[in-house]
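Protein chains: 2
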Amino acid sequence: MIQPRPRTIPEATVARLAVYLRVLTSFADGGRTTVSSGELASAAGVNPAGLRKDLSHLGSCGVRGVGYEVRALRERIARVLGAEQSRACVLVGIGNLGTALADYAGFGSRGFEIVGLFDAAPDRVGRRIGGLTVQDITDLEATVTATQASIGVIATPADVAQQVCDRLSAAGVRSILNFAPVTLSAPAGVDVRQVDLSVELQVLAFLGQQRTTVGEVSA
Amino acid sequence: MIQPRPRTIPEATVARLAVYLRVLTSFADGGRTTVSSGELASAAGVNPAGLRKDLSHLGSCGVRGVGYEVRALRERIARVLGAEQSRACVLVGIGNLGTALADYAGFGSRGFEIVGLFDAAPDRVGRRIGGLTVQDITDLEATVTATQASIGVIATPADVAQQVCDRLSAAGVRSILNFAPVTLSAPAGVDVRQVDLSVELQVLAFLGQQRTTVGEVSA
DNA sequence: GCGACTTTGTTCCAGCGTTCACAAGCGGTT
DNA sequence: AACCGCTTGTGAACGCTGGAACAAAGTCGC
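Protein sequence lines correspond, in order, to chains Y and X. Just so you know, the first sequence maps onto residues 1 to 219 in the numbering used here. Just so you know, the second sequence maps onto residues 1001 to 1219 in the numbering used here.
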């Protein structure tokens, strides 16, 4: 078996590819048929040379002197990212954040299908959100098994996130996206990705503060 | 004027410092008084040597042979990150995500005070969330000016995010955290930080897919 | 009081990511 | 058909980040 798309793609590149995919979709909707690396880089907020290097990881796709064909490039990125095949996701914790995620239309168009919503609070169970009914957390394992869900999203309070992580891992989920402000530990073979809103805000504030301080010193 | 904490702290270190701050607070609440770099690193999910290097950026604070004093270290990190002084933030777009952010208790304890909630939908204006009343978006500039808000958070739909970004920038906001799935352009002097939920999910899915594929090839 | 152990702080090194700069290639034009 | 301008793709240098090993320093035990 040959391996036409070999080696590994750097993680930083993967993150940018997802951004390019979004921008390309927007260009396609706008009727554009071709786009140059400079335009695309500008729209994505990155360096043109870096963008070309990112795209080089998935083989030559552009035409010299012209640029990239919008639809073809979009499809190729989607294929590499695996966005063409649907992935089953379960979402645990249907508070405000969980509801926002469940309602987020961007998932479906990118190959993610939410197949289960779970919460422990009785008054949330039974609610319908985005076409799905919130189930009790006790049904978690059964649904994961039945749907072969490979991705779990945790949007619970911090104090139960580890417990949910353990149950998802045991049920066969291989990838977990965690929004709770705790560092999770998962068994080997399970990827955990952390998104901490207050960390983002603190980094932003620090950069602003640093800029201000430097400005004062130099003034 | 001397500058006892000179140079610059790498951005990656700043992000981890925010995590350490959270872990230290949790340790302090648990009654711990001292902690070693190994324990702290384990709780934060990082390498012990890296943690020590991070902490070295803010000057010696530990005691050799013993470890770090929890409360003192927490305060020092908080001071470096600027979490001791309160920062005024405005939040635009009070949908599910915006509501989640407004309700998020973690902000207040980290030095962020939300001073304004804004939305364009009439049925959302007037609602009370987390002690604040949602205002009409037309009041944005007046509130930013009156409160000297330096941070803006955008949780609006994608199609109005750039417009909100422009208004925030013009009103004097220096740092913007954007949750809308678009790449914003802001004038020089304004920092924009992007958090894209679907990008995170796509990176996670790709890593899982790559792992699976590699496993199949090697099998 | 002294030695040994523990833990920090620092230095070195390797790998990765990013940027710049240039050769290669394609389309349009004459 | 040949030339020219434009854009891609790639090679190399630079800076940064992450990890490991080592020296300094402080505490505990005797």
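All C-beta atoms, glycine included, are put in the ideal place defined by N, C-alpha and C.
Item: Beta carbon proximity, valine 63 of chain Y to chain X, threshold 7 Å; Value: no
Item: Test: leucine 1040 of chain X CB closer than 7 Å to a CB of chain Y; Value: no
Item: Minimum Cβ-Cβ distance from glutamine 163 of chain Y to chain X less than 7 Å; Value: no
Item: Any beta strand (DSSP E) of 3 or more consecutive residues that is wholly inside the stretch 77–153 of chain Y; Value: 87–92, 112–119 and 132–136
Item: Closer than 7 Å to chain X by CB, aspartate 191 of chain Y; Value: yes
Item: Alpha carbon of leucine 1055 of chain X to alpha carbon of glycine 1062 of chain X, nearest angstrom; Value: 9 Å
Item: Bounding residues of the beta strand (DSSP E) (the contiguous stretch that carries arginine 32 of chain Y); Value: Segment: none, arginine 32 of chain Y is in no beta strand (DSSP E) and carries neither H nor E.
Item: Interface partners of glutamine 148 of chain Y on chain X, CB under 9 Å; Value: Result: empty, since nearest Cβ-Cβ is about 13 Å, beyond 9 Å.
Item: As assigned by DSSP and simplified to three states, the class of leucine 168 of chain Y; Value: helix
Item: Chain Y contact for glycine 1116 of chain X (CB, 7 Å cutoff); Value: no
Item: Residues bridged to serine 175 of chain Y (per DSSP); Value: Y:Ile151 and Y:Asp191
Item: 7 Å Cβ cutoff, alanine 1219 of chain X in contact with chain Y; Value: For alanine 1219 of chain X, the predicted structure reports a pLDDT of 38, less than 50, and the residue's modelled location is therefore unreliable. The matter cannot be settled from this model.
Item: Contacts of isoleucine 151 of chain Y in chain X (Cβ-Cβ under 8 Å); Value: Leu1201, Leu1204, Ala1205 and Gly1208
Item: Closer than 7 Å to chain X by CB, proline 181 of chain Y; Value: yes
Item: Isoleucine 226 of chain Y and valine 134 of chain Y closer than 7 Å at C-beta; Value: Because residue 226 of chain Y is not part of the residues shown, which for chain Y are 1 to 219, the question remains open.
Item: 7 Å Cβ cutoff, alanine 227 of chain Y in contact with chain X; Value: Nothing about residue 227 of chain Y can be read from this structure; chain Y reaches only from 1 to 219.
Item: Residues near valine 80 of chain Y by beta carbon distance below 6 Å, same chain, minus five either side; Value: Leu58
Item: Proximity test, Cβ basis, 7 Å: threonine 1145 of chain X and chain Y; Value: no
Item: Cβ neighbours of glycine 38 of chain Y in the same chain (closer than 7 Å, five flanking residues each side left out); Value: Pro48
Item: 7 Å Cβ cutoff, threonine 1133 of chain X in contact with chain Y; Value: no
Item: Interface residues of chain X facing proline 22 of chain Y [CB-CB closer than 7 Å]; Value: According to the sequence displayed, residue 22 of chain Y carries arginine and not proline. Near arginine 22 of chain Y (Cβ distances below 7 Å), the residues of chain X are Pro1181.
Item: Candidates Y:Tyr20, Y:Val115 and Y:Ala180: closest to glycine 45 of chain Y by CA position; Value: Y:Tyr20
Item: Spatial neighbours of proline 4 of chain Y in its chain, beta-carbon cut-off 6 Å, leaving aside the 5 residues before and after; Value: Model confidence at proline 4 of chain Y stands at a pLDDT of 42, short of 50, so the residue's coordinates are unreliable and nothing is read from them.
Item: Assigned exposure category for glutamine 202 of chain Y - 16 Cβ within 10 Å defines buried; Value: buried
Item: Alpha-carbon to alpha-carbon, leucine 1177 of chain X and valine 23 of chain Y; Value: 19 Å
Item: Cβ of glycine 45 of chain Y within 7 Å of any chain X Cβ; Value: yes
Item: 9 Å Cβ cut-off: residues of chain X touching leucine 55 of chain Y; Value: The premise fails here: leucine 55 of chain Y is roughly 16 Å from chain X at the closest Cβ pair, so nothing lies under 9 Å.
Item: Local conformation of glycine 67 of chain Y per DSSP, three classes; Value: strand
Item: Beta carbon proximity, leucine 1177 of chain X to chain Y, threshold 7 Å; Value: yes
Item: Other residues of its chain near valine 125 of chain Y: CB distance less than 7 Å, five sequence neighbours each side excluded; Value: Asp119, Val134, Gln135 and Asp136
Item: Stretch pair the stretch 1188–1204 of chain X + the stretch 1159–1179 of chain X: three plus CB contacts closer than 8 Å; Value: yes
Item: For glycine 1045 of chain X, the three-state DSSP class (helix, strand or coil); Value: coil
Item: Of the listed residues X:Pro1122, X:Arg1128, X:Arg1127 and X:Gln1085, nearest to phenylalanine 1107 of chain X (C-alpha basis); Value: X:Gln1085
Item: Cβ-Cβ distance between alanine 102 of chain Y and glycine 130 of chain Y below 7 Å; Value: yes
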